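Step one of this worksheet: look at the structure below.
In the working numbering, the protein residues as written are 21 to 170.
Written as structure tokens, this is what we have:
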């Protein structure tokens, strides 16, 4: 009895289709970055401190295990530990699924010199709060500015 094997030419399997499968059914870093401000806003509504910690994280990649990798600077190792705590991780993953429509685990790493410096999308100030000058504060409270430099 002979079993015929079907050979698939390598030219018909594009590298982009393999990458798409690895990227959680089409979820790309661009899509994640586009909705990142909305994601942080939802986190903020549930736990303000967690949103503040996530603002320091940088979106790095979707790894081979289909985990979203977020990097934190070396001097923020305490934030990494807090973000990795089970309740915080569960909240992040829950909100991620709600915003992006796909369940995805997160993984936190400490950034090194080898990691590319990435910028997360700018989060617009929804209330258009500008920085307030010392003069404006003085006027609002009816006080005066004391210069203690000597």
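We put the CB at the ideal spot given by N, CA and C, even for glycine.
If you're wondering where the values come from, they're calculated on a predicted model, not measured in any experiment.
Taking one beta carbon from each stretch, the stretch 116 to 126 and the stretch 81 to 92 have 3 or more pairs nearer than 8 Å; the two touch. Residue 96: not part of any alpha helix (DSSP H); DSSP gives it neither H nor E. Check the Cα spacing between residue 101 and each of 115, 49, 121 and 129: the tightest is with 129.
Rounded to the nearest angstrom, the gap between the Cα atoms of residue 50 and residue 81 is 10 Å. One thing to note: residue 62 has its Cβ no nearer than 8 Å to the Cβ of residue 112. A check of alpha carbon separations from residue 103 across 70, 131 and 163 identifies 70 as the nearest.
Residue environment analysis places residue 68 among the exposed positions, since fewer than 16 neighbouring C-beta atoms fall within 10 angstroms of its C-beta. In the structure shown, residue 61 falls within a helical segment according to DSSP collapsed to helix, strand and coil. In the DSSP assignment, residue 127 forms a beta bridge with 89.
In the three-state reduction of the DSSP assignment, residue 122 falls in the coil class.
Note that the C-beta distance between residue 93 and residue 60 is not below 8 Å.
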